[in-house]
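Structure first, then comments.
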Amino acid sequence: AGIAHRPNLRVLCEARVTRILLSDHDDGEEHNKPSAVGVAFTHASSNGQNEVRAKREVLLCAGAIQSPQVLELSGIGDPGVLARAGVDVKVPLPSVGENFQDHVVTGAAYGLAPGVISGDSLWHPQAMAEAQRALVEQAAGPLTATASGQGFVRSITDVFARPAFQQRQLDLIIKHLEDDKSANIQYILIPAHGNLTDESIKDQSKLWMPGDPAKPEVVWGCALQYPVSRGSVHISSADPTAPPAINPSYLSHPSDVAILAAGLSLGDRIAAAPPLAPLLTDTRRLSPPASTDLQDPAAAAAAVRNWAIGEYHVAGSCAMGDTLDSELKVKGVGRLRVVDASAFPGHVSGNCQSSVYALAERAADLVRRDQEVGEGGGMKGLMGKAEGDGGHMWDGGE
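The sequence shown finishes on residue 398 if you use full-length UniProt numbering, and the numbering steps up by one all the way, no holes.
See below:
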């Protein structure tokens with residue numbers, strides 16, 4: 001609401017960008033490359049395609065899945081990918097959609113001793129009502145606690161054999177692993193039943209299911225922060241409504257498995273030590289089965305491969321240094337930047353939203369600086385007017 005009054009801001013809901021509009025040449029100093037001049041989009045209130053024109057530049061902020069999708073639909077990307085999808089190549093840029101990364105989490109479930117209360121009881125309406133009443137009337141009860149406890153563990157260099165990585169990007173991961181101040185594993189302690197089976201791998205809505213209140217549980221999640229594995233996201237059709245093909249390639253590099261296995265092993269040792277051990281049942285671990293020796297690296301690695309999922313912290317698919325330059329500009333295209341987690345060349349430690357905010361702040365500084373030196377045209381607004389073939393005029397503001 002604080003910025004809703006700005007004349008150069010228009011939020012258009014129920015719209016889908018279908019492609020970036022490119023001119024034959026850049027309007028700036030470089031005259032040998034196409035320039036982004038606007039976007040084409042569909043809207044619920046009109047038929048067909050609409051267009052909005054940019055006075056200065058286009059900022060693409062669709063996220064690590066859809067930013068590469070929009071670039072490829074616009075003809076910017078790997079010529080082979082574009083040809084298979086039936087899209088004409090405007091700017092050959094094979095790195096678009098590559099370098100896709102996510103935080104991968106594995107975990108173990110433990111039974112809680114009799115009398116220990118967990119979130120499992122809150123699945124029952126009466127228990128939830130009592131908890132809500134305690135919260136409102138007394139500022140007490142289970143709802144006064146956070147749903148999970150999180151902590152970061154520093155590098156586990158004693159269980160990670162340093163491989164001969166060839167790329168600078170992977171060398172940075174090694175530096176994180178060797179840095180005692182770098183958090184490479186995130187632990188997430190969730191006091192509730194977790195469905196750590198193939199069912200939740202196929203459908204993550206099945207991960208947190210009602211448990212037996214008489215048999216409360218706690219799940220110890222172990223999340224990898226700097227994965228070596230790299231996946232991809234690419235269009236498989238010229239249809240902008242068709243979802244892109246995502247291949248996360250989780251655990252495709254053995255180093256990722258080794259680090260998660262070490263984290264799982266450490267977590268199990270912590271569970272066996274005071275003060276946590278007295279809160280657990282005699283059998284302690286429910287998944288992986290108590291018979292699995294998580295102190296055996298091979299057994300721990302097998303447990304990781306048996307159950308691991310992504311955390312939806314996706315990043316890297318339009319990376320700086322590859323798809324983008326250091327100012328977030330798409331290589332080979334004028335007046336076009338990407339400003340979202342897809343720009344990260346490597347992942348960050350922890351949930352990535354705050355890092356996206358920081359990136360956006362930096363992008364705002366870069367855009368303002370370029371405007372102040374006159375790059376990209378006039379100084380009265382970021383968008384011009386836009387027309388739609390469905391009979392609508394879209395005014396981006398002056």
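Every residue gets a Cβ at the ideal spot worked out from N, C-alpha and C, and that includes glycine.
For a cut-off of 8 angstroms, the C-beta gap from L196 to G111 is around 13 angstroms, too long to register as a contact. Within 10 angstroms of the beta-carbon of V11 lie fewer than 16 other beta-carbons, which makes it exposed. A Cβ-Cβ distance of about 35 angstroms is found for the pair S317 and V218, leaving them out of contact under the 8 angstroms criterion. For A145, there is no enclosing beta strand (DSSP E), as DSSP marks it with neither H nor E. Beta-bridge partners of Y110 (DSSP): V218 and R285.
Here V87 has G75 and A238 as same chain residues with Cβ atoms under 6 angstroms from its own Cβ, once five neighbours each way along the sequence are excluded.
The alpha carbon of H193 has as its nearest neighbour, out of A262, R53, L135 and G221, the alpha carbon of G221. Contact annotation, P244 with I65: C-beta distance approximately 6 angstroms; criterion of less than 8 angstroms satisfied.
Under the 10 Å beta carbon count, G115 is surrounded by fewer than 16 other beta carbons and is classified as exposed. Going by DSSP, S232 is part of the beta strand (DSSP E) stretching over S232 to H234. If you look at A134, you'll find it isn't in any beta strand (DSSP E); it sits in the alpha helix (DSSP H) that goes P125 to Q138.
Per the Cβ contact rule, the region 51-61 is in contact with the region 361-376 (3 or more Cβ pairs under 8 angstroms). Between the region 300-317 and the region 130-139 there are fewer than three inter-stretch CB-CB distances shorter than 8 angstroms, so the stretches are not counted as touching.
Taking the Cβ atoms as the reference, V70 lies roughly 26 angstroms from V104, outside the contact range of under 8 angstroms. Counting only runs that start and end inside the region 69-124, the alpha helix (DSSP H) elements of at least 4 residues fall at 79-85.
Take the alpha-carbon of V89 and the one of L73: they are about 10 angstroms apart. Taking 8 angstroms as the upper bound for CB-CB distance, A40 and N50 are in contact here, some 7 angstroms apart. The beta carbon of V96 lies closer than 7 angstroms to those of P68, L71, E72, I76, G77, D78, C318 and T323 in the same chain, with the five residues before and after it left out. The DSSP assignment places complete alpha helix (DSSP H) segments of no fewer than 4 residues inside the region 254-278 at 254-271, in order along the chain. In this structure, P210 and G310 do not form a Cβ contact; the two beta carbons are roughly 24 angstroms apart against a cut-off of 8 angstroms.
In this model, D256 and N184 are separated by some 11 angstroms (Cα to Cα). In the structure shown, E372 adopts helical secondary structure according to DSSP, grouped into three states. The alpha-carbon separation between G263 and D340 amounts to approximately 29 angstroms. For I188, the uninterrupted beta strand (DSSP E) segment begins and ends at A183 to I190.
Cβ-Cβ distances below 7 angstroms link S229 to S249, Y250, L251, S252, H253 and D256 in the same chain, with the five nearest sequence neighbours on each side left out; the list follows chain order.
DSSP links H43 through a beta bridge to A15.
The C-beta separation of L280 from A273 comes to about 11 angstroms, leaving the pair out of contact by the 8 angstroms criterion. Scanning its chain for C-beta atoms nearer than 7 angstroms, with the 5 sequence neighbours on each side dropped, one finds around L207 the residues G194, N195 and S200, in chain order. For G119 against P34, the beta-carbon gap comes to about 53 angstroms, at or over 8 angstroms, which does not count as contact.
Looking at the DSSP output, G310 shares a beta bridge with V104. The continuous beta strand (DSSP E) containing E51 extends over residues N50 to R53. In this structure, D268 lies near L294, with their beta-carbon atoms less than 8 angstroms apart. For I3, no alpha helix (DSSP H) encloses it, and the DSSP letter there is neither H nor E. DSSP places N247 in the uninterrupted beta strand (DSSP E) bounded by A245 to N247. Rounded to whole angstroms, the gap between the alpha carbons of E327 and Y357 is 16 angstroms. Measuring C-alpha to C-alpha distances from A364 to each of C352, S45, G334 and K329 identifies K329 as the nearest.
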